[in-house]
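First the structure, in the form of structure tokens, and then the observations on it.
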């Protein structure tokens, strides 16, 4: 079974959200399906999109698990965004959570430090 994922994020101010997500992902959207949506392909067949939906803004919670957690978080920090929360779970998995201007949560997870060296 082939799977294509489109994870949506409702935002109240499309223009400011567009700027924020460009900083988060370090690039402009991959494409614009219409005047109220912007899509970033974060991996093959896996996309995250923002959509102007003021009545629903602030309730999204998505986590992207990445191979090089430290590099990804460092690159985002270099673009001026800091995580609102950093966690390390009992099994060593790490997570950094960013919140957009509406409060939507975008997390980045990474394998335990010891597993990255295996």
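In my numbering, the protein residues as written are 349 to 466.
Glycine is no exception: its CB is placed at the ideal position from the N, C-alpha and C atoms.
Just so it is clear, the structure is predicted and the values come from calculations on it, not from any experiment.
Using 8 Å as the Cβ pair cut-off and three pairs as the minimum, do the stretch 446–464 and the stretch 374–393 touch? no
Does the distance from the C-beta atom of residue 392 to that of residue 356 stay below 7 Å? Result no, Cβ atoms of residue 392 and residue 356 do not sit closer than 7 Å.
Count the other CB atoms within 10 Å of the CB of residue 325; is the residue buried (16 or more) or exposed (fewer)? Only positions 349 to 466 of the chain appear in the structure, and residue 325 is not among them; the question remains open.
Can you list, in chain order, the stretches of the beta strand (DSSP E) that have 3 or more residues and sit fully within the stretch 358–436? Fully enclosed beta strand (DSSP E) runs of 3 or longer: 379–382, 385–391, 394–400, 409–413 and 433–436.
Is the separation between the beta-carbon of residue 456 and that of residue 395 shorter than 7 Å? In this structure, residue 456 sits away from residue 395, with a CB-CB distance that is not shorter than 7 Å.
Inter-residue Cα distance where the pair is residue 422 and residue 404: 30 Å
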